[in-house]
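K.L.:
Take 63 as the starting number for the sequence shown in this note's numbering and just add one per residue.
We treat Cβ as the ideally placed atom computed from N, Cα and C, and that holds for glycine.
Fair warning: this is a prediction, and the values are worked out from it, not measured in the lab.
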Amino acid sequence: MTRAKSQRNAPETRYASNWVAAWRRFRRSGLAMFGLVYFIIILFVAVMAPVISPYPYDRVDYGITLQLPTWQHLLGTDYLGRDMLTRLMWGARPMLLVGILTGAVGMVIGVPLGILAGYLGGAFDWFIQRLVDLFSALPWYLLVLYLVMVLSPSVWNLILALSVSSWVGSCRLVRGLTFSAREYDFVEAARALGIPTRQILARHVLPQIAPLLLWGFATSIPGSVFAEAGLSFLGIGIRPPIPSWGQMLGQAGQYWMYYWHVFLFPSLCIVISVLAFQGLADGLRQAIDVNVNV
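#1: Which of helix, strand or coil does DSSP assign to Asp145?
#2: Hey, Gly151 and Val324 are a contact pair by Cβ (cut 8 Å); roughly how many whole angstroms apart?
#3: Would you tell me roughly how many angstroms separate the C-alpha atoms of Ala314 and Pro273, rounded to the nearest one?
#4: Gly278 and Ser91: beta carbons closer than 8 Å?
#5: Measuring CA to CA, which of Arg260, Ala179 and Asp247 is closest to Val230?
#6: Going by other Cβ atoms of all chains shown within 10 Å of its Cβ, with 16 needed for buried, is Glu250 buried or exposed?
#7: Return the bridge partner residues of Thr139 from the DSSP annotation.
#8: With Ile126 and Gly143 assumed to form a contact (beta carbons below 8 Å), what rounded beta-carbon distance in angstroms separates them?
#9: Check Arg347 in the structure and name its three-state DSSP category.
#10: Taking the C-alpha atoms as reference points, what is the distance between Gly312 and Leu296?
#11: Could you check if Glu290 is buried or exposed, using at least 16 other CB atoms within 10 Å of its CB as the buried criterion?
#12: Can you have a look at Gln309 and say buried or exposed, based on whether 16 or more other CB atoms are within 10 angstroms of its CB?
#13: Contact between the stretch 212 to 221 and the stretch 254 to 265: three or more CB pairs below 8 Å?
#14: Compare the Cα-Cα distances from Gly172 to each of Ser232, Gly292 and Leu337 and report the closest residue.
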(Lines of atoms letter the chains of each structure in order from A; the text may use other names.)
(Lines give C-alpha, C1' and ligand atoms only; values in the text may rest on other atoms or scores of the structure.)
Protein backbone atom coordinates (compact mmCIF):
# COMPACT_ATOMS: atom_id res chain seq x y z
CA MET A 63 0.00 0.00 0.00
CA THR A 64 2.86 2.33 0.82
CA ARG A 65 4.47 1.56 -2.53
CA ALA A 66 1.23 2.30 -4.39
CA LYS A 67 0.87 5.61 -2.58
CA SER A 68 4.44 6.58 -3.40
CA GLN A 69 3.84 5.75 -7.06
CA ARG A 70 0.78 7.99 -7.11
CA ASN A 71 2.75 10.82 -5.55
CA ALA A 72 5.71 10.40 -7.92
CA PRO A 73 4.36 12.70 -10.69
CA GLU A 74 3.60 15.42 -8.13
CA THR A 75 7.11 15.08 -6.68
CA ARG A 76 8.70 15.35 -10.13
CA TYR A 77 6.48 18.34 -10.94
CA ALA A 78 7.53 20.13 -7.74
CA SER A 79 11.21 19.33 -8.30
CA ASN A 80 11.00 20.72 -11.85
CA TRP A 81 9.73 24.04 -10.49
CA VAL A 82 12.49 24.11 -7.86
CA ALA A 83 15.11 23.48 -10.54
CA ALA A 84 13.57 26.17 -12.76
CA TRP A 85 13.70 28.70 -9.93
CA ARG A 86 17.37 27.89 -9.30
CA ARG A 87 18.20 28.46 -12.97
CA PHE A 88 16.18 31.68 -12.99
CA ARG A 89 17.86 33.26 -9.99
CA ARG A 90 21.34 32.65 -11.41
CA SER A 91 20.74 35.60 -13.73
CA GLY A 92 21.21 38.95 -12.04
CA LEU A 93 19.29 40.73 -14.80
CA ALA A 94 16.39 38.30 -14.44
CA MET A 95 16.19 38.88 -10.69
CA PHE A 96 16.39 42.62 -11.27
CA GLY A 97 13.50 42.31 -13.74
CA LEU A 98 11.42 40.34 -11.25
CA VAL A 99 12.05 42.79 -8.39
CA TYR A 100 11.39 45.74 -10.70
CA PHE A 101 8.12 44.19 -11.90
CA ILE A 102 6.92 43.71 -8.30
CA ILE A 103 7.84 47.29 -7.37
CA ILE A 104 6.34 48.91 -10.48
CA LEU A 105 3.17 46.84 -10.10
CA PHE A 106 2.83 48.04 -6.51
CA VAL A 107 3.43 51.65 -7.57
CA ALA A 108 0.89 51.41 -10.39
CA VAL A 109 -1.81 49.86 -8.21
CA MET A 110 -1.20 52.15 -5.24
CA ALA A 111 -0.57 55.38 -7.18
CA PRO A 112 -3.86 56.99 -6.06
CA VAL A 113 -2.82 56.40 -2.44
CA ILE A 114 0.95 56.96 -2.36
CA SER A 115 1.38 59.75 -4.94
CA PRO A 116 2.13 63.05 -3.17
CA TYR A 117 -0.16 65.22 -5.34
CA PRO A 118 -3.10 64.82 -7.75
CA TYR A 119 -1.69 63.96 -11.18
CA ASP A 120 -3.66 66.77 -12.87
CA ARG A 121 -2.96 69.50 -10.31
CA VAL A 122 -1.72 72.62 -12.16
CA ASP A 123 0.30 75.36 -10.44
CA TYR A 124 1.59 78.06 -12.76
CA GLY A 125 3.66 79.54 -9.93
CA ILE A 126 6.12 76.63 -9.95
CA THR A 127 6.36 75.68 -13.63
CA LEU A 128 9.53 73.81 -14.71
CA GLN A 129 10.88 73.83 -11.18
CA LEU A 130 14.02 71.78 -10.61
CA PRO A 131 13.93 69.00 -7.98
CA THR A 132 13.26 70.28 -4.45
CA TRP A 133 12.16 68.75 -1.16
CA GLN A 134 8.54 69.65 -2.00
CA HIS A 135 8.79 68.18 -5.50
CA LEU A 136 11.50 65.52 -5.44
CA LEU A 137 11.69 65.18 -9.24
CA GLY A 138 10.67 68.75 -10.04
CA THR A 139 7.62 69.99 -11.96
CA ASP A 140 6.66 70.14 -15.63
CA TYR A 141 5.67 73.04 -17.86
CA LEU A 142 2.27 73.32 -16.13
CA GLY A 143 3.65 73.06 -12.61
CA ARG A 144 2.50 69.45 -12.17
CA ASP A 145 4.54 67.22 -9.88
CA MET A 146 6.82 64.95 -11.95
CA LEU A 147 7.03 62.16 -9.37
CA THR A 148 3.25 61.94 -9.17
CA ARG A 149 2.86 61.80 -12.93
CA LEU A 150 5.57 59.15 -13.28
CA MET A 151 3.75 57.01 -10.70
CA TRP A 152 0.47 57.35 -12.55
CA GLY A 153 2.23 56.79 -15.87
CA ALA A 154 3.15 53.28 -14.74
CA ARG A 155 -0.54 52.32 -14.90
CA PRO A 156 -1.10 52.65 -18.69
CA MET A 157 2.40 51.25 -19.30
CA LEU A 158 1.61 48.01 -17.47
CA LEU A 159 -1.96 47.87 -18.77
CA VAL A 160 -0.91 48.19 -22.41
CA GLY A 161 2.11 45.89 -22.06
CA ILE A 162 0.31 43.05 -20.28
CA LEU A 163 -3.05 43.19 -22.05
CA THR A 164 -1.51 43.50 -25.52
CA GLY A 165 0.55 40.39 -24.86
CA ALA A 166 -2.47 38.58 -23.43
CA VAL A 167 -4.72 39.41 -26.39
CA GLY A 168 -1.97 38.37 -28.79
CA MET A 169 -1.69 35.02 -27.01
CA VAL A 170 -5.47 34.51 -27.00
CA ILE A 171 -5.51 34.93 -30.79
CA GLY A 172 -2.17 33.37 -31.70
CA VAL A 173 -2.11 30.29 -29.46
CA PRO A 174 -5.28 28.56 -30.79
CA LEU A 175 -4.34 29.33 -34.39
CA GLY A 176 -0.77 28.12 -33.87
CA ILE A 177 -1.83 24.89 -32.13
CA LEU A 178 -4.36 24.01 -34.83
CA ALA A 179 -1.97 24.90 -37.65
CA GLY A 180 0.88 22.88 -36.15
CA TYR A 181 -1.22 19.84 -35.30
CA LEU A 182 -3.58 19.63 -38.27
CA GLY A 183 -1.14 20.74 -40.97
CA GLY A 184 -2.37 20.61 -44.55
CA ALA A 185 -4.51 23.35 -46.03
CA PHE A 186 -5.30 24.96 -42.68
CA ASP A 187 -1.61 25.26 -41.83
CA TRP A 188 -0.90 26.69 -45.29
CA PHE A 189 -3.62 29.32 -44.84
CA ILE A 190 -2.40 30.36 -41.37
CA GLN A 191 1.18 30.53 -42.58
CA ARG A 192 0.21 32.83 -45.46
CA LEU A 193 -1.76 34.98 -43.01
CA VAL A 194 1.27 35.20 -40.73
CA ASP A 195 3.48 36.09 -43.71
CA LEU A 196 1.06 38.82 -44.73
CA PHE A 197 1.01 40.46 -41.30
CA SER A 198 4.78 40.04 -40.96
CA ALA A 199 5.34 41.83 -44.28
CA LEU A 200 3.24 44.82 -43.26
CA PRO A 201 5.06 47.73 -41.58
CA TRP A 202 3.45 47.08 -38.20
CA TYR A 203 4.24 50.50 -36.73
CA LEU A 204 2.49 52.25 -39.62
CA LEU A 205 -0.42 49.82 -39.30
CA VAL A 206 -0.76 50.54 -35.58
CA LEU A 207 -0.39 54.26 -36.27
CA TYR A 208 -3.22 54.14 -38.81
CA LEU A 209 -5.52 52.10 -36.56
CA VAL A 210 -5.01 54.40 -33.57
CA MET A 211 -5.77 57.45 -35.70
CA VAL A 212 -8.92 55.84 -37.13
CA LEU A 213 -10.19 54.51 -33.79
CA SER A 214 -9.27 57.70 -31.87
CA PRO A 215 -6.49 57.65 -29.27
CA SER A 216 -7.32 55.90 -25.97
CA VAL A 217 -5.83 53.18 -23.80
CA TRP A 218 -8.22 50.49 -25.05
CA ASN A 219 -7.94 51.44 -28.71
CA LEU A 220 -4.16 51.43 -28.35
CA ILE A 221 -4.29 47.90 -26.91
CA LEU A 222 -6.57 46.80 -29.75
CA ALA A 223 -4.30 48.31 -32.40
CA LEU A 224 -1.14 46.75 -30.96
CA SER A 225 -2.87 43.37 -30.63
CA VAL A 226 -3.50 43.30 -34.39
CA SER A 227 0.19 42.59 -34.93
CA SER A 228 1.18 41.02 -31.58
CA TRP A 229 -0.55 37.69 -32.33
CA VAL A 230 1.84 36.90 -35.19
CA GLY A 231 4.84 36.09 -33.00
CA SER A 232 2.88 33.88 -30.60
CA CYS A 233 1.21 32.05 -33.50
CA ARG A 234 4.55 31.32 -35.17
CA LEU A 235 6.08 30.15 -31.87
CA VAL A 236 3.18 27.88 -30.93
CA ARG A 237 2.89 26.44 -34.43
CA GLY A 238 6.54 25.35 -34.36
CA LEU A 239 6.27 23.89 -30.86
CA THR A 240 3.08 22.00 -31.70
CA PHE A 241 4.58 20.68 -34.93
CA SER A 242 7.37 19.11 -32.84
CA ALA A 243 5.09 17.95 -30.01
CA ARG A 244 2.78 16.02 -32.31
CA GLU A 245 5.67 13.65 -33.13
CA TYR A 246 6.04 12.56 -29.51
CA ASP A 247 5.38 8.88 -28.90
CA PHE A 248 2.57 9.45 -26.41
CA VAL A 249 0.80 11.83 -28.81
CA GLU A 250 1.05 9.30 -31.65
CA ALA A 251 -0.21 6.59 -29.27
CA ALA A 252 -3.19 8.74 -28.32
CA ARG A 253 -3.98 9.27 -32.01
CA ALA A 254 -3.72 5.53 -32.66
CA LEU A 255 -6.18 4.86 -29.83
CA GLY A 256 -8.71 7.15 -31.49
CA ILE A 257 -8.71 9.82 -28.79
CA PRO A 258 -10.44 12.98 -30.09
CA THR A 259 -8.19 15.75 -31.37
CA ARG A 260 -9.52 18.27 -28.87
CA GLN A 261 -8.64 15.96 -25.99
CA ILE A 262 -5.15 15.26 -27.36
CA LEU A 263 -4.44 18.97 -27.70
CA ALA A 264 -5.76 19.81 -24.24
CA ARG A 265 -4.21 16.91 -22.31
CA HIS A 266 -1.01 16.10 -24.17
CA VAL A 267 0.14 18.92 -26.46
CA LEU A 268 -0.76 22.05 -24.49
CA PRO A 269 0.92 20.95 -21.22
CA GLN A 270 4.14 20.28 -23.16
CA ILE A 271 4.31 23.80 -24.60
CA ALA A 272 2.77 25.73 -21.67
CA PRO A 273 6.11 26.81 -20.09
CA LEU A 274 7.26 28.27 -23.39
CA LEU A 275 3.97 30.12 -23.73
CA LEU A 276 4.85 31.96 -20.52
CA TRP A 277 8.22 32.87 -22.03
CA GLY A 278 6.55 33.99 -25.27
CA PHE A 279 4.14 36.19 -23.32
CA ALA A 280 6.99 37.77 -21.35
CA THR A 281 8.98 38.56 -24.51
CA SER A 282 6.02 40.47 -25.99
CA ILE A 283 5.80 42.95 -23.10
CA PRO A 284 8.95 45.06 -23.77
CA GLY A 285 7.91 45.71 -27.38
CA SER A 286 4.41 46.78 -26.32
CA VAL A 287 5.83 49.09 -23.64
CA PHE A 288 8.16 50.72 -26.16
CA ALA A 289 5.38 51.02 -28.76
CA GLU A 290 3.03 52.68 -26.26
CA ALA A 291 5.75 55.15 -25.28
CA GLY A 292 6.51 55.91 -28.93
CA LEU A 293 2.88 56.49 -29.90
CA SER A 294 2.25 58.63 -26.82
CA PHE A 295 5.41 60.59 -27.62
CA LEU A 296 3.93 61.35 -31.06
CA GLY A 297 0.69 62.50 -29.41
CA ILE A 298 -1.55 59.68 -30.66
CA GLY A 299 -1.28 57.28 -27.74
CA ILE A 300 -2.44 58.01 -24.20
CA ARG A 301 -4.20 61.38 -24.20
CA PRO A 302 -3.90 64.07 -21.51
CA PRO A 303 -4.69 64.55 -18.71
CA ILE A 304 -3.94 60.83 -18.10
CA PRO A 305 -0.14 60.68 -17.64
CA SER A 306 2.05 58.50 -19.82
CA TRP A 307 5.83 58.34 -19.85
CA GLY A 308 5.97 58.72 -23.62
CA GLN A 309 3.54 61.62 -23.48
CA MET A 310 5.66 63.31 -20.79
CA LEU A 311 8.71 62.84 -22.98
CA GLY A 312 6.95 64.44 -25.93
CA GLN A 313 5.85 67.41 -23.84
CA ALA A 314 9.42 67.90 -22.61
CA GLY A 315 10.85 68.22 -26.12
CA GLN A 316 11.12 72.00 -26.19
CA TYR A 317 12.42 72.37 -22.63
CA TRP A 318 15.03 69.65 -22.21
CA MET A 319 18.10 71.78 -23.00
CA TYR A 320 17.40 74.09 -20.07
CA TYR A 321 15.29 71.92 -17.77
CA TRP A 322 16.94 68.51 -17.86
CA HIS A 323 14.63 66.88 -15.33
CA VAL A 324 11.51 66.95 -17.53
CA PHE A 325 13.32 64.84 -20.14
CA LEU A 326 15.62 62.68 -18.04
CA PHE A 327 13.19 61.02 -15.62
CA PRO A 328 10.58 59.82 -18.17
CA SER A 329 13.42 58.57 -20.40
CA LEU A 330 14.93 56.58 -17.52
CA CYS A 331 11.55 55.05 -16.67
CA ILE A 332 11.05 53.84 -20.25
CA VAL A 333 14.59 52.49 -20.69
CA ILE A 334 14.71 50.75 -17.31
CA SER A 335 11.27 49.20 -17.84
CA VAL A 336 12.17 47.79 -21.26
CA LEU A 337 15.49 46.41 -19.98
CA ALA A 338 13.88 44.94 -16.85
CA PHE A 339 11.10 43.17 -18.75
CA GLN A 340 13.60 41.89 -21.31
CA GLY A 341 15.78 40.56 -18.51
CA LEU A 342 12.76 38.89 -16.94
CA ALA A 343 11.92 37.21 -20.24
CA ASP A 344 15.51 36.01 -20.70
CA GLY A 345 15.47 34.63 -17.17
CA LEU A 346 12.31 32.68 -17.90
CA ARG A 347 13.95 31.16 -20.94
CA GLN A 348 16.94 30.08 -18.86
CA ALA A 349 14.58 28.65 -16.24
CA ILE A 350 12.74 26.62 -18.87
CA ASP A 351 16.13 25.41 -20.11
CA VAL A 352 14.88 24.64 -23.60
CA ASN A 353 16.19 25.72 -27.00
CA VAL A 354 13.47 27.25 -29.11
CA ASN A 355 13.90 26.69 -32.84
CA VAL A 356 10.85 27.77 -34.82
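P.N.:
So, from the data block:
#1: strand
#2: Note on residue identity: the sequence assigns Met, not Gly, to residue 151. At roughly 16 Å, the Cβ-Cβ gap does not stay under 8 Å, so Met151 and Val324 are not in contact.
#3: 41 Å
#4: no
#5: Ala179
#6: It counts as exposed.
#7: In the DSSP output, where bridge partners are listed per residue, Thr139 has Asp145.
#8: 5 Å
#9: helix
#10: A straight-line Cα-Cα distance of about 7 Å links Gly312 and Leu296.
#11: buried
#12: Only buried fits Gln309, as 16 or more other CB atoms lie within 10 angstroms of its CB.
#13: With the cut-off at 8 Å, the stretch 212 to 221 and the stretch 254 to 265 do not touch.
#14: Measuring from the Cα of Gly172, the nearest candidate turns out to be Ser232.
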